[in-house]
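Quick note, the sequence shown lines up with residues 497 to 1463 if you use this note's numbering. Note that CB positions come from ideal geometry on N, CA and C, so glycine has one too. Below you'll find the structure, written out as structure tokens, and then a few comments.
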Amino acid sequence: MIRLRSTHGAAVLASRPRALASACALALLLGTSASAVAQQQAQNRQEDATPAPPAAPSKEKKRVDPDAASNLDAIVVTGIQGSIQNSIKAKQNSDNIIEAISAEDIGKLPDSSIAESLARVSGLATQRVGGRANQISIRGFSPDFAGTTLNGREQATIGENRGVDFDQYPSELISGAAIYKTPDATLIGQGLSGTVDLHTIKPLDLPKRAFAANLRGENTSNGSLNHGSGVGDTGHRASASYIDQFFDHTLGLAVGFAQLDSPVQEKQYEAWWWSLNNGPDGAEGRWGAPRTPGLPDGVLSQEGMQLRAKSEHQVRNGLMTVLEWAPDDHYHSTLDLYYSTFDQKSYLNGAQWSSSPYDNVSYSNVGYVPALPYPIVTTGHIDGLKSVLQNDYTKERDTLFSAGWNNQYDFGNGWLVTADASYSSAKRRLHDAYLFAGLPGQATSSTDFATPEHEGFPDFRPGVNFADPSRIFFTDPNNYGYNGREEFDRQKDTIKAFRLEVTHPVGWIFSDATLGVNYSDRRKTKEADVFFAWLNGNGSTAVDYDPGFAAPIDPSALSGSTDLSYGGIPGIVNYDVLRVLRSQFYLTQRNGQADWSRNYTVREKVPVAYLKFNIDTHLGDIPLRGNVGVQAVRTDQSSEALQTNGDTLVGRITGGTRYTKVLPSLNLAAEIADKQYLRFGLAKTMARGRIDDEKVATSAGVGLVNDGPAAGQVLWSGSGGNPKLKPYIAVGADLSWEKYFGTSSYAAVAVFNKNLLNYIYNETTLDYDFSRYINDNPTLTPTSTIGSFTRPENGTGGKMQGIELSGALEGALVTPVLDGFGAQANFSLTNSTLPVSAVSSIPGSPSTLPGLSRKVANLALYYEKHGWSVRIAERYRSAFTGEAVALFDQLGYTQVLADKQTDFQLGYAFEHGTWNGLSILLQVNNLTNSPMKTQQIAALPNDVKVARPLKYDTYGRTVLFGINYKL
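Written out as structure tokens, the structure reads:
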């Protein structure tokens, strides 16, 4: 029986007997690389059960789907080796340069998250957010440069940008993924660095009913940091998948449910900034700052700090349904549905203070270590600190929904028509509130300190017990101008899309051609309401507000203490923020122009027309396949925001732009020897910038400068979007050599070059004129109309070049003694240069793209035999440059330091007897408790650039243990 296969907008005709198709489909799903990869690249090609043997060119032969792992022999292969085998087969068969991952089994990716699985492939690395690997960097680039689709369709996102948070998609419901490093004309939603296409299971790929379930307990090593918050150190993950076929295998149903109930316990430390205080080269001599008593001349000291503990409870429920119908040889329909909710409650409490020359602090017993360019203060005692205790509560609920309906009809005469309709929505509701506390009457405190020379946690020993509620009052210890803040955010992102294409065989060197159109309408809306909190009895204006006004914390609202002992401070008071906010404070609407500017809408209407020819020929005796095509992309982007006159709403403002880009592409794959391929890709690619960069809104405000040469002044600062922003445009060339051997072994070398025709960067202007803005802060009067303003702009020129090395090796190929052992490894080196950027404009800074890691590497060693499986993997990403920051009256920038994370996995599967189908699994993520570290690079008062520690956060190691069962 002839059966059609579903793709992301195209059809593939499979002319093979039912029995053989079912056997191949079984290998497909249990290895799952087929459903992970076939949809995105299997555009209108005929597929056979086995690859065609090398022979003279035949225009009538059936093409093998180049990205489908279903072309494997009809053997049930699962586990680590099966996952590697199917991923390699997909890579080998692809017309494009791709990487692939597949699940070890139904509902079981080999890592605890999709992002961690993706990070195992060549050229990819995770970017941790809140301790979890939920963003992906391709070839070292920032996650904003990567495109992500689900079953070939663009997805709405919960953030203000396009980057997908992979934590929103349960790994248990994803069967695999393809990572496209070179695009073709049919790839919609492509990224500049690459495109990740996630895939769900196809029920008709299985020959019979299947069921799988797993349950894992979870524990984090950081313990419980905020006692009384209700967030502990244990959680669980659970999932179940059911797949069945009905009516003579013409109707298929797949249903999957996954739940995550997980704690996050994060230890945070931030050194605010560093400076020379005393002496002719310090703030005293260069800026006229007060002399800091007790501090030697010419030593580098830390000017403030923030030590905080975060406890977060995450609960995610995801439901996936696939309905597949193939009633005859001509028609095939697939309906994909995905729905998830993600609830997060976080409690972030900590202590902070400023210790600059302008804070009237004094030092004693100072110790320092020799260093260049100046000695660094590491120990001593500080008096006169205005310590601020800040307790923060955040509640967030994210809701995702995605639906796609794909219909294909084969007319039987070579004509194949596909129609695909999809809808995706993402909603976010955020409630955030925080309050300040400290010593009443703006009294000061002291502390002994020992801070590390490099990155690490400090040891502060304050003279006050911050956990004693009789000593700590609600107040404004350091004149912030208010007692607290509450915010309500609402965000919605929707994408409606429709795709229509037709495929027909052609002659000469082409097997077939695909002509299609795609139209998408995306609309992202954000609303924010901000309130300031004032203590009952205190004023809220410049006339009647008293920062020294204090009130004791309601004893009934106290809930234990927050543990900051990792930074030397035994603890601070912990209380129910929302409860005291309602009982001891009153609120005033704070939506000034800086807050109104976060109420905006961005809309993108994008029609795309494309034409692709699939190449299937010979170059002499060398088989040659690939594709050549072109996309014509029309973009109509617009933005609407609130217009204000000071704090007063006066109307709405709109802006936008239109542009058309033509994107040609070519992919060639030549089999130069048995299982040895030489690939070439040449394409012009386009990637739009962050969505919030396209907003028409701007914001500005004034603030009191406490440090630096402008200390004591009230200065303007602002930022905004750019509705006329054009996309990133690059012309890229890729060359790859690949050699496959054994069943799950290969070696590959790839080089690439991308010439940037257009890029986006944030430009900070230090002498921006704010005379057209109205001050919305009644308690502060600006000293001048000049300040710093940051806005995204377009730049031209620049290039990116890189090399990638990757491979996998079965131990048995080396010696039979190593049967069952294996290794995977990859390394990428990327260089970039930009003629102008916000960072490169800083003297002595690198002229590279922000977010670019020059080196990315992965190594995994595994053993799998007799039911046992062991895998240890390490991921490495070198340091990358962050965005520029305005520090006083000059620019600085941050650098995220190198990140290395090690994961461990141990499992046993019962293969016979009563327990057949049951397996147990132990996983340890972040085995070495690798920290997240950043540096700040900025100038001292004498303009000497230094790099000093900024942030140091740890998340602990996470241990998961559980069982899997399948029928």
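As assigned by DSSP and simplified to three states, the class of residue i
| i | result |
| --- | --- |
| Pro823 | coil |
| Leu1387 | Confidence in Leu1387 is poor, its pLDDT being 45 and thus under 50, which makes the residue's placement unreliable; the coordinate value appears in the next sentence. It is a strand residue. |
| Ala1029 | strand |
| Glu612 | helix |
| Glu668 | helix |
| Val1313 | helix |
| Gly1293 | coil |
| Leu912 | strand |
| Leu683 | coil |
| Phe1045 | coil |
| Leu1465 | The shown model of the chain, from 497 to 1463, leaves out residue 1465, and the question about it has no answer. |
| Leu1423 | coil |
| Glu808 | strand |
| Trp1004 | coil |
| Glu1300 | strand |
| Leu702 | coil |
| Phe962 | coil |
Paired residues, beta bridge with residue i - DSSP
| i | result |
| --- | --- |
| Ile1225 | Met1182, Asn1254 |
| Ala1353 | Phe1323, Tyr1372 |
| Lys1108 | Thr1010, Gly1125 |
| Gly980 | Leu931, Ala1029 |
| Phe897 | Tyr835, Ser921 |
| Ala708 | Ser737, Lys1462 |
| Trp769 | Trp769 pairs with nothing; no bridge assigned. |
| Thr1153 | Gln1133 |
| Lys1235 | Gln1172, Ala1243 |
| Thr1377 | Gln1391 |
| Asp1449 | Gln764, Met1428 |
| Ser1365 | Glu1360, Gly1403 |
Own chain residues within Cβ distance below 6 Å of residue i, not counting five before or after
| i | result |
| --- | --- |
| Leu926 | Glu892, Asp985 |
| Pro954 | Thr947, Gly1063 |
| Ser1374 | Ser1349, Arg1350, Lys1351, Ala1394 |
The beta strand (DSSP E) enclosing residue i, as first and last residue numbers
| i | result |
| --- | --- |
| Val1073 | That residue, Val1073, is in no beta strand (DSSP E); its alpha helix (DSSP H) goes 1073-1080. |
| Ala1405 | 1395-1405 |
| Gln938 | Gln938 -> no beta strand (DSSP E), and no H or E assigned at all. |
| Val1198 | 1194-1200 |
| His877 | 872-881 |
| Ser1473 | The question about residue 1473 has no answer here: the residues shown for the chain are numbered 497 through 1463. |
| Asn856 | Unbroken run through Asn856: none, as it is neither H nor E. |
| Glu595 | 594-598 |
| Arg957 | 955-958 |
| Leu721 | Run containing Leu721: none; DSSP gives neither H nor E here. |
| Leu694 | 690-695 |
| Gln651 | That residue, Gln651, is in no beta strand (DSSP E); it is neither H nor E in DSSP. |
| Asp1059 | 1054-1060 |
Chain-order list of residues whose beta-carbon lies under 8 Å from that of residue i (same chain, five-residue window excluded)
| i | result |
| --- | --- |
| Gly863 | Val873, Thr874, Thr875, Gly876 |
| Val998 | Trp911, Leu912, Val913, Thr914, Thr1010, Leu1011, Gly1012 |
Enclosing alpha helix (DSSP H) for residue i [first to last residue]
| i | result |
| --- | --- |
| Arg782 | 779-782 |
| Ile584 | 575-589 |
Alpha carbon of residue i to alpha carbon of residue j, nearest angstrom
| i | j | result |
| --- | --- | --- |
| Thr696 | Thr1377 | 35 Å |
| Ile684 | Pro666 | 23 Å |
| Val1201 | Phe932 | 20 Å |
| Gly1298 | Gly846 | 43 Å |
| Thr943 | Phe1457 | 43 Å |
| Tyr1071 | Tyr1451 | 23 Å |
| Glu1289 | Gly1216 | 11 Å |
| Ile1459 | Gly1403 | 9 Å |
| Lys1020 | Thr1037 | 35 Å |
| Glu1157 | Leu1107 | What sits at residue 1157 in the sequence shown is Lys, not Glu. If you take the alpha carbons of Lys1157 and Leu1107, they lie about 15 Å apart. |
| Asp878 | Asn887 | Looking at the sequence itself, residue 878 is Ile, so the reference to Asp does not match. Their backbone Cα atoms lie some 24 Å apart in a straight line. |
| Val727 | Val760 | 8 Å |
| Val1455 | Arg1367 | 15 Å |
Contacts around residue i, its chain only, beta-carbon distance under 7 Å, and the 5 residues preceding and following it disregarded
| i | result |
| --- | --- |
| Gly952 | Tyr1448 |
Any C-beta of chain C under 8 Å from that of residue i
| i | result |
| --- | --- |
| Phe1266 | This model lacks chain C altogether; it includes just one protein chain. |
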